[in-house]
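*Asks:*
Chains as they are written, first to last, in this note's numbering: chain P, 2 to 658; chain D, 2 to 658.
1) Buried or exposed: which applies to residue 648 (chain D), given that a residue is buried once 16 or more other Cβ atoms fall within 10 Å of its Cβ?
2) Between residue 313 (chain D) and chain P, is there a C-beta pair that is closer than 7 Å?
3) Report, in whole angstroms, the separation of the C-beta atoms of residue 609 (chain D) and residue 423 (chain D), which I expect to be a contact under 8 Å.
4) Please classify residue 16 (chain D) as buried or exposed, where buried requires at least 16 other C-beta atoms within 10 Å of its C-beta.
5) Here's the rule I'm using: 16 or more other beta-carbon atoms within 10 Å means buried, otherwise exposed. How should residue 632 (chain P) be labelled?
6) Determine, for residue 319 (chain P), whether the minimum Cβ-Cβ distance to residues of chain D falls below 7 Å.
7) Between the alpha carbons of residue 442 (chain D) and residue 504 (chain D), how many angstroms are there, rounded?
8) Would you give the residue range spanned by the beta strand (DSSP E) that residue 223 (chain P) belongs to?
9) Looking at the structure shown, is residue 3 (chain P) part of a helix, part of a strand, or coil, going by DSSP?
10) Looking at residue 305 (chain P) and residue 203 (chain P), is the spacing between their C-beta atoms short of 7 Å?
11) Check each candidate in P:373, P:122 and P:439 and name the one with the smallest Cα separation from residue 340 (chain P).
12) With residue 362 (chain D) and residue 432 (chain D) assumed to form a contact (beta carbons below 8 Å), what rounded beta-carbon distance in angstroms separates them?
13) Buried or exposed for residue 57 (chain D), please, with buried defined as at least 16 other CB atoms from any protein chain shown within 10 angstroms of its CB.
14) Give a yes or no on whether the minimum CB-CB distance between residue 492 (chain D) and chain P is below 7 Å.
15) Looking at the structure shown, is residue 188 (chain P) part of a helix, part of a strand, or coil, going by DSSP?
16) In whole angstroms, give me the CA-to-CA distance for residue 260 (chain P) and residue 409 (chain P).
17) Would residue 655 (chain D) be called buried (16 or more neighbouring beta carbons within 10 Å of its own) or exposed?
18) Given that residue 654 (chain P) touches chain B, what residues does it touch there, using C-beta distances under 7 Å?
19) Is it a yes or a no for the segment 561-577 of chain D touching the segment 91-109 of chain D, going by three-plus beta-carbon pairs under 8 Å?
20) With DSSP collapsed to three states, give me the class of residue 269 (chain D).
21) Have a look at residue 613 (chain D) and residue 564 (chain D) and give me their C-alpha separation to the nearest angstrom.
22) Taking the C-alpha atoms as reference points, what is the distance between residue 551 (chain P) and residue 456 (chain P)?
23) By DSSP, does residue 543 (chain P) sit in helix, in strand, or in coil?
24) Just verifying my parser: in three-state terms, what is the DSSP assignment at residue 325 (chain P)?
25) Report yes if the CB atom of residue 133 (chain P) is closer than 7 Å to the CB atom of residue 568 (chain P), and no otherwise.
26) Buried or exposed: residue 556 (chain P), going by 16 or more other Cβ atoms within 10 Å of its Cβ?
27) What residues are listed by DSSP as bridge partners for residue 304 (chain D)?
28) Opposite residue 334 (chain D) in the DSSP bridges: which residues?
29) Taking 7 Å as the CB-CB limit, is residue 639 (chain P) close to chain D?
30) Please confirm if residue 426 (chain D) has its CB atom under 7 Å from at least one CB of chain P.
31) Under DSSP, the alpha helix (DSSP H) around residue 89 (chain D) begins and ends at which residues?
32) Classify residue 516 (chain P): buried if its beta carbon has 16 or more other beta carbons within 10 angstroms, exposed otherwise.
33) Per DSSP, which residues does residue 310 (chain D) bridge with? Please list them.
34) Under 9 Å between beta-carbons, which chain P residues line up against residue 629 (chain D)? List them in chain order, please.
35) Residue 262 (chain P) to residue 518 (chain P), Cα distance in whole Å?
36) Could you tell me the alpha carbon to alpha carbon distance between residue 624 (chain D) and residue 506 (chain D), rounded to whole angstroms?
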């Protein structure tokens, strides 16, 4: 890949982005799309914006950018909660670190790479990208100190900024806990694994236990009930009944008839609506109804879990943090999540299963990570055209055309990878549900970590390793040679990851902005199903489990390629700037905040950044080893040790908060 | 090495043991050795035993064995505390497990090994030991299911017994906490890292903080003071003064004069004793004395650590377990150790240093572990006579004699290794002091773990790996081949480890019984320095940090060699039986219990046993792979997974207690 191919790819993507942005600024002005682009405002029933006149609606304007840029942090905190602030802090942190890194690498490392060998330089557009990477520096060069110095500057600034951010965020967390108006969840403790006794019900056990051991501060408790399957069926049936018999339904049927979308006539529905009356009279149904009233316990079974309320926050905190029983698997207490944050169905999982569920999901995640190698290896093959041509000789003619060649090498692989990756977050979310987390925020955090491991392994490592040594996955069988292997492999993949930034980064942000799925859904409901009520929009919360790993992956790419292929950094900086605007806009307008996670995602972010830094340094070690610069390699070792010590210090200093 | 060499080695050791035991039973009857063999009784001023008549004193009797065997567990608990009981439970657990293992392996695995190949068997005494190991089973043999079955039985019985022991010990711990008479330490919390303020002293800060946040339950506090160097010098000087001027000292001098042990005459000492008066009058000394009285703070400096007393156990528990401050590095609270258990000098270490001290000692321990390779590799060379002969040709004549040959291969290596290993526990103890543990029991536990890692690495792994592939230490560079490498290497080292059991195990126990160092010290003080007072005996507590790793190492050897070289197990069983008697006797008679650690060593024992089991299974995997038994190898994998799951379950179920 040469510079012109890179620029082609960049140009395609910038074109796509500009197109999508213009489209967005037009679409958002259409009153019919209000539920797609202003979901939060609709949900909170805020005063409607002034609709622009019909003509202005079709002129793209950048007003939303200004709005997103100007909104102060306090407003975002009020709207999106601490989670949103923490997410934006990740982007701001990346912006700051990579500003420093770009400055250092473009003005110090890039010239060293370019003039690294005495060679005849072609004109820049037809220059190969490899000339700009560290591969162009000759072995034993004295100029390698520039790379070493750059790595030191990047590490120091990253650590400093990490510390500042962690301190800010922990202060914010404490202020949030202190300042929030007395919140029910702060007085409540979730008790699980209440022991079964034949004499007493669970509720009586809880009462006896807490009035004995926490008599002064115990206020009351609320058992968790399990609605059995029959109960659910009954509730569903009742819902359908009321729905079918309502006036509204026949209206809807008329619409359906009008549009002719369904095959049947409106009569089909009317017949059903009358039959529903007869269902009510059915013997079986009436029996069930009676049983519910006679034996409520059959349909509302007590679960060995309860919420216990205390008189003071301190008592609740003490009850949540201390061991309650001599058997640590009984009377397990924990802080109760916020009411909206509780993941009810997981409260019914017996506590004894949870450790085994965690292990099983962990193993399944690992297996999935390795199974995913198959599509990734295929994608990787596309960037090596020669191999593709050997495998599929009939493609040879097509691939020899220059434009198609550039599209295939520059664009297609990352698009395919992107499509495969789209399936991952829902799978991980399902795994996290199975895992048994009792809060939605905990589930999302767990899914976020899983997706993070997944993308870093499958996007970074697999591409890097299979790219250089295709069909040789056993590279990790010799730990000693890992730095050298990585140092050989990483620079060769610079071009792939640059196009990945264009497609997954820039274009991904535009797609995030334009929200294709809700838009299509909205179009269908409005223009085909002809529904008009604005209340039927779907409101959903911010998908931290997909967006945090994405931003962190780009940060990871930035660190690892910083001294190897500094040409990547300016593009990355553009990505982070664009991301800041887009996500601020989305938090302000689109997503609603259903619950407050309290910014507990930051430690994972911190650890990931430290991992990226250390990996960068290990690759640096390998690179200096390959380039026969013992001084450089020697300087890397204290840097690695200092970075790990810094991480350990931060863990001691901040982690328990 | 053949069977007769093994029996020679065993015979030598049994002879040595019998000799030492007879010597012990004679020595313990001498009234002059009372302070060596009945230190605990003397320390606690128990009624003196009836001294046997002069003639009987020189006849060896086994009465102590009966006494040690018959003492009930309650008495040992009262005498040695929970730590002693836990230590004896380790031996009893090993006895039980290896009884099962010996039964299974001797009657099932040993015949399979012996008749594993169709070969002409020599007479048993001249049969090579390799005939009894798994190396004798031919590849693809159908009889390998016996080894697989044996491993399953051993694992299951070990897990079952581990669970029972863990449950017993946790019950004992809980009963100990419940039943112990109200103990000061249970109402006390150790606070460290009290923040410095210019307005208030540390003491005032503690008072203000705890009366604000724990007003209801706070009772009082005691600051920790640091006696400066000058203060120490003054105290030492005062001690010397009083000592020198005392009547006692001149008496002692006369003794010295009598025995003529020292070069100088008694006058030398008398001159000093008169000068000491003039020291008292010295201007400098008087000044110092005055300063101490005027400015006590100069000599008694407050340290940012305090003991805080609470009204109830519960309040103390809550204060110890909850986070006190928004900065987790300030106001660090923890359960206070028992008064005798406190390691005072470590209380003065600033809390900020502790994490870095831990990391540094960890790294230093790792470095020491690897530096120790040098002597071990040398020792290992001795078991390979051919290599030794090649290296030192002049030894050839000597080594060709049969008896010397047997001594060198069978006895010398483990004696040398033993001497080197003697230096390790004091070093690890020093490391653990530097680490910053605030209690003596914590320090001993930490040293115990360090010694354990050390012996398992240096005695087991290094011997196994360097024995088979001398000068190839880079075996761990390929994780995949570890099972195969171990499977190849471990059986070849069976003879070395059998002799190790004789020397370090049997002879080591006899030496433990006879207590050579205190005995020699006692002889010198009595017969050369002519001191007669029995009070001058040295009393010391049980060295758990050397004995626990030793017992666990033998357990580790037992597990790993169980199916590979079953001939080892009967010898090991003898060791554990002997160990039980010896250690019971020592706990009853010799060691005093200065503090109660509460049996917190058991989790480390549990983890070590699980590690041994999993390693055995991994070696089994390698062995079945080498012997081309895919079924056997396939059966190992679920066993490994189940063992790890069992460990995880135990951690959940018992660990927080």
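Ideal Cβ positions, reconstructed from N, Cα and C, are used throughout, including at glycine. Since the model is a prediction, treat every value here as computed from it, not as a measurement.
*Replies:* Judging by the given coordinates:
1) Taking the first residue of the second chain as position 1, residue 648 (chain D) is located at position 647. Of the other Cβ atoms in all chains shown, 16 or more fall within 10 Å of the Cβ of residue 648 (chain D); this residue is therefore buried.
2) Your numbering for residue 313 (chain D) matches position 312 in the second chain. Cβ-Cβ to chain P under 7 Å: no for residue 313 (chain D).
3) As a first step, residue 609 (chain D) must be located in the second chain, where it is residue number 608. As a first step, residue 423 (chain D) must be located in the second chain, where it is residue number 422. Contact annotation, residue 609 (chain D) with residue 423 (chain D): C-beta distance approximately 21 Å; criterion of less than 8 Å not satisfied.
4) Reading the second chain from its first residue, position 15 is the one you call residue 16 (chain D). Burial call: exposed.
5) As a working mapping, residue 632 (chain P) is identified with position 631 in the first chain. Classified as exposed, residue 632 (chain P) has fewer than 16 neighbouring CB atoms from the shown chains inside 10 Å of its CB.
6) As a first step, residue 319 (chain P) must be located in the first chain, where it is residue number 318. True, the Cβ-Cβ gap to chain D drops below 7 Å.
7) Start at 1 with the first residue of the second chain, and residue 442 (chain D) comes out as number 441. Start at 1 with the first residue of the second chain, and residue 504 (chain D) comes out as number 503. Looking at the two C-alpha atoms, the distance is approximately 29 Å.
8) Here the question's residue 223 (chain P) lines up with position 222 in the first chain. Start and end: 219-228.
9) Taking the first chain and counting its residues from 1, one reaches residue 3 (chain P) at position 2. DSSP places residue 3 (chain P) in the strand class (E or B) of the three-state scheme.
10) Your numbering for residue 203 (chain P) matches position 202 in the first chain. Your numbering for residue 305 (chain P) matches position 304 in the first chain. Yes; because the gap between Cβ atoms is below 7 Å, this pair is in contact.
11) As a working note, residue 340 (chain P) is residue 339 in the first chain. Out of P:373, P:122 and P:439, P:439 has the C-alpha closest to the C-alpha of residue 340 (chain P).
12) In the second chain, residue 362 (chain D) corresponds to position 361, counting from 1. In the second chain, residue 432 (chain D) corresponds to position 431, counting from 1. Right, their Cβ atoms sit about 5 Å apart.
13) Residue numbering aside, residue 57 (chain D) sits at position 56 when the second chain is read from its first letter. With fewer than 16 other Cβ atoms within 10 Å, it is exposed.
14) Counted from its first residue, the second chain places residue 492 (chain D) at position 491. Chain P contact via Cβ: absent.
15) Residue 188 (chain P) sits at position 187 when you count from the first residue of the first chain. Residue 188 (chain P) carries a helical assignment under DSSP once its states are collapsed to helix, strand and coil.
16) Position 259 of the first chain, counted from the start, is the residue given in the question as residue 260 (chain P). Position 408 of the first chain, counted from the start, is the residue given in the question as residue 409 (chain P). The predicted position of residue 260 (chain P) is uncertain, since its pLDDT is 42 and thus under 50; a value taken from the coordinates is nonetheless stated next. Per the coordinates, the alpha-carbon of residue 260 (chain P) lies some 43 Å from the alpha-carbon of residue 409 (chain P).
17) For the purposes of this step, residue 655 (chain D) is identified with residue 654 of the second chain, where counting begins at 1. Around the Cβ of residue 655 (chain D), a 10 Å sphere holds 16 or more other Cβ atoms; the residue is buried.
18) This model lacks chain B altogether; the protein chains it does include are P and D.
19) Using a Cβ-Cβ distance cut-off of 8 Å, the segment 561-577 of chain D and the segment 91-109 of chain D are in contact, since at least three pairs of beta carbons, one from each stretch, lie closer than that value.
20) By one-based count along the second chain, residue 269 (chain D) stands at place 268. Confidence at residue 269 (chain D) is low in this model, with a pLDDT of 40, below 50, so its placement is unreliable and the value that follows should be read with caution. Residue 269 (chain D): helix per DSSP, three-state reduction.
21) Locating residue 613 (chain D) in the second chain gives position 612, where the first residue counts as 1. Locating residue 564 (chain D) in the second chain gives position 563, where the first residue counts as 1. Taking the straight line from one Cα to the other gives about 13 Å.
22) Working through the first chain from its first residue, we reach residue 551 (chain P) at position 550. Working through the first chain from its first residue, we reach residue 456 (chain P) at position 455. In this structure, the CA atom of residue 551 (chain P) is about 8 Å from the CA atom of residue 456 (chain P).
23) Residue numbering aside, residue 543 (chain P) sits at position 542 when the first chain is read from its first letter. Note: residue 543 (chain P) maps to coil in three-state DSSP.
24) The residue given as residue 325 (chain P) occupies position 324 in the first chain. Note: residue 325 (chain P) maps to coil in three-state DSSP.
25) As a first step, residue 133 (chain P) is located in the first chain; it is residue number 132 there, counting from the start. As a first step, residue 568 (chain P) is located in the first chain; it is residue number 567 there, counting from the start. In this structure, residue 133 (chain P) lies near residue 568 (chain P), with their beta-carbon atoms less than 7 Å apart.
26) As a working note, residue 556 (chain P) is residue 555 in the first chain. Counting every other CB atom within 10 Å of its CB across the protein chains shown gives residue 556 (chain P) a total of 16 or more, marking it as buried.
27) Translated into the one-based positions of the second chain, residue 304 (chain D) becomes position 303. DSSP output for residue 304 (chain D) lists D:225 as bridge partner(s).
28) For the purposes of this step, residue 334 (chain D) is taken as the residue at position 333 of the second chain. The partner list for residue 334 (chain D) (beta bridge, DSSP) reads D:192.
29) Counted from its first residue, the first chain places residue 639 (chain P) at position 638. No, because no Cβ of chain D sits closer than 7 Å to the Cβ of residue 639 (chain P).
30) Numbered from its first residue, the second chain carries residue 426 (chain D) at position 425. False, the Cβ-Cβ gap to chain P never drops below 7 Å.
31) As a working note, residue 89 (chain D) is residue 88 in the second chain. Its alpha helix (DSSP H) spans residues 74-105.
32) Start at 1 with the first residue of the first chain, and residue 516 (chain P) comes out as number 515. Residue environment: residue 516 (chain P) is assigned as buried (16 or more neighbouring CB atoms within 10 Å of its CB, all protein chains considered).
33) For this step, residue 310 (chain D) is matched to residue 309 along the second chain. Looking at the DSSP assignment, residue 310 (chain D) forms a beta bridge with D:189 and D:221.
34) Translated into positions along the second chain, residue 629 (chain D) becomes position 628. Listed along chain P, no residue sits closer than 9 Å to residue 629 (chain D) by beta-carbon distance, the nearest being about 22 Å off.
35) Against the first chain, residue 262 (chain P) aligns to sequence position 261. Against the first chain, residue 518 (chain P) aligns to sequence position 517. Legend: pLDDT at residue 262 (chain P) = 42, less than 50; position of this residue unreliable, value from coordinates given subsequently. Distance between the alpha carbons of residue 262 (chain P) and residue 518 (chain P): 21 Å.
36) By one-based count along the second chain, residue 624 (chain D) stands at place 623. By one-based count along the second chain, residue 506 (chain D) stands at place 505. Using only the alpha carbons, I get a separation of about 27 Å.
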